[in-house]
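Okay, so the sequence shown: first residue is 6 according to our numbering, each after it adds one.
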Amino acid sequence: MRKTPDNLDEIEAFTVKIIARAGKIAREYFLRDSVARHSKKGFDFVTDADLAVEKYLKAELTRQFPDVAIMSEESAHRNFQAYRREKLLFVIDPIDGTINFGHGIDRYAVSIGVVSEGESLLGVCLTSGKSEIYTARYDKPGAFCNGLPVKIRNVGKLGEALVLTDFPHELKIREKILDFISRVYRKTRFLSIYGSAVYDLTMLAGGHIHAAFIAGYMPWDVAAAGLIVKKAGAVITAGDGKPFDIFTRHFLAAVPGIHPELLKLTKPIIS
6 MRKTPDNLDE
16 IEAFTVKIIA
26 RAGKIAREYF
36 LRDSVARHSK
46 KGFDFVTDAD
56 LAVEKYLKAE
66 LTRQFPDVAI
76 MSEESAHRNF
86 QAYRREKLLF
96 VIDPIDGTIN
106 FGHGIDRYAV
116 SIGVVSEGES
126 LLGVCLTSGK
136 SEIYTARYDK
146 PGAFCNGLPV
156 KIRNVGKLGE
166 ALVLTDFPHE
176 LKIREKILDF
186 ISRVYRKTRF
196 LSIYGSAVYD
206 LTMLAGGHIH
216 AAFIAGYMPW
226 DVAAAGLIVK
236 KAGAVITAGD
246 GKPFDIFTRH
256 FLAAVPGIHP
266 ELLKLTKPII
276 S
């Protein structure tokens, strides 16, 4: 097991504090009549809220922990291997679910993961609506929502399961998701797209759904939520069954009772 940083308790307390404020900043923008959107590559865009939340979080983290590296969605370089080597790294998604946010759909999240050499040590996520804060640590048992324990709700059959997936921005990966949908829609009780990997994983951790298959994600989508869902009792692997890694770009997270069955459907798509 990786050595726990001496100040991880301090990091956790501070991260919970600033993510609550970040959620309020995001909410202030969300409740406006409109929020400015700026085009990115392909179908993607960024809002003024993304930029404001990122600016706030980076400023606070840099002030409190000046020697720790930061990887944030709107400003990160794409040399992910350099980030993998960092001894301590804050991984930020200022608003996961920007498409939802920008169209007034109240389904988004703010995420901060603390990572060491590619391994998540701490996950803190705030979800919209009730502004619930989910947390988990690699060195302690359990996952929590607003300080109270949460855990997955197991089912033994795919026909009893609620399953989520997502449509990424890359067209080639969308084709893989369509393949997944064609394989699973006849087998499961419920299949939907919520538009936020972080939101999906906290729903799984809280026992509201039973599985999520995402392809095309980025490290900031899962650095925090991947740890949280694992600590809540879910099985999380790469989509092809290999060990989960925040840099892999595809994952299958599910309750233990259906993960093997779902993996039979996702593995051919990814392989």
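Yeah, the Cβ is synthetic: ideal placement off N, Cα and C, and Gly gets one too.
Inter-residue distance for Asp184 and Ala239 is about 24 Å (C-alpha atoms, whole angstroms). Rounded to the nearest whole angstrom, the CA to CA distance from Asn159 to Asp101 is 26 Å. Using a Cβ distance threshold of 7 Å, Ala243 and Phe252 do not count as a contacting pair. Spatial neighbours of Ile186 in its own chain (CB-CB distance under 8 Å, excluding positions within 5 residues in sequence) are listed in chain order as Thr170 and Leu196. Nearest Cα to Ala114 within the set Ile275, Leu13, Gly246 and Gly200: Gly200. Taking C-alpha positions only, Arg112 is separated from Asn105 by approximately 6 Å. In the structure shown, His264 adopts helical secondary structure according to DSSP, grouped into three states. Buried is the label assigned to Tyr222, since at least 16 other Cβ atoms lie within 10 Å of its Cβ.
Sixteen is the threshold: since fewer than 16 other Cβ atoms of the shown chains lie within 10 Å of the Cβ of Lys269, the residue is exposed.
Counting only the Cα atoms, Arg179 lies some 24 Å from Pro99.
Unbroken beta strand (DSSP E) runs of no fewer than 3 residues, entirely contained in the segment 11 to 89, are found at 42 to 44, 50 to 52 and 74 to 77, following chain order.
One thing to note: Ser125 has its Cβ within 7 Å of the Cβ of Ala228. Secondary-structure assignment with DSSP links Asp101 through a beta bridge to Ala114.
As for any beta strand (DSSP E) of minimum length 3 sitting wholly inside the segment 150 to 200, the runs are 153 to 155, 167 to 170 and 195 to 198, ordered along the chain.
Residue nearest to Arg37 within the set Lys162, Ile275, Gly231 and Thr52 is Thr52 (criterion: CA-CA distance).
Under the DSSP assignment, Ile233 falls in the alpha helix (DSSP H) whose first and last residues are Ala230 to Lys236.
Our two residues, Gly147 and Leu127, have alpha carbons roughly 12 Å apart in a direct line. By alpha-carbon distance to Ser80, the top candidate from Arg89, Glu91, Val96 and Gly161 is Val96. For Leu206, the enclosing alpha helix (DSSP H) has its first and last residue at Ala202 to Ala210.
Tyr139 is bridged by DSSP to Cys130 and Cys150. A straight line joining the alpha-carbon of Gln69 with that of Thr193 spans about 46 Å. In the three-state reduction of the DSSP assignment, Thr242 falls in the strand class, which pools E and B. Leaving aside the five residues that flank Glu65 on each side, the residues in its chain whose CB is nearer than 7 Å to its CB run, in chain order, Ile23. Here the alpha carbon of His213 sits roughly 16 Å from the alpha carbon of Leu153. The three-state secondary structure of Phe252, taken from DSSP, is coil. In this model, Ala202 and Val155 are separated by some 18 Å (Cα to Cα).
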